[in-house]
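**Student:** Taken in order, the sequence shown gives residues 1 to 120; the numbers are from my numbering.
All residues carry an ideal CB built from backbone N, CA and C; glycine is no exception.
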Amino acid sequence: MKHVFLTGLAVALFFVAQAKSNGDAALVARATALTRIQAEKAHLDEGQYLRVKQLNIRMFSEMEDLKTRFAADPAIMDERLAVAQARYEMALTALMRPAQLAVFQQSRSSMTALSAPAPR
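1) Count the other CB atoms within 10 Å of the CB of residue 100; is the residue buried (16 or more) or exposed (fewer)?
2) Taking only three categories from DSSP, how would you classify residue 50?
3) Can you list, in chain order, the residues of its chain with a C-beta nearer than 7 Å to that of residue 107? Leave out the 5 residues immediately preceding and following it.
4) Count the other C-beta atoms from every protein chain shown that fall within 10 angstroms of the C-beta of residue 85, then say buried if there are 16 or more, exposed otherwise.
5) Just verifying my parser: in three-state terms, what is the DSSP assignment at residue 45?
6) Using 10 angstroms around the beta-carbon of residue 29, count the other beta-carbons present and answer buried if the total reaches 16, otherwise exposed.
7) Which of the three DSSP states is assigned to residue 73 in this structure?
Laid out in structure tokens, this is it:
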């Protein structure tokens, strides 16, 4: 009986670990896609690209963690997400040179739904 219980526990832990690794892979894929866009817009060099990618991975991880921990309290979750976003913005701007930052902010401000070209 003890052997069956331990086997069941091992199988359950395997599936939990597998789900987490799949979630981590999706998170890294999202961070990589965002980093590529940022690198293209701001003309990041290779070192900056790697640092921005790590920053994006940390940000997505923190956002997922906050959403999980504060799911029951949307007001606190929104507050914590805003603080995390501000910290991310500061860290991101610290990684860029002034000319890159200007180009990046310009492209970001033009990426709104209102600035989309009108259909013809």
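**Tutor:** Let me spell this out:
1) buried
2) helix
3) 41
4) exposed
5) coil
6) exposed
7) coil
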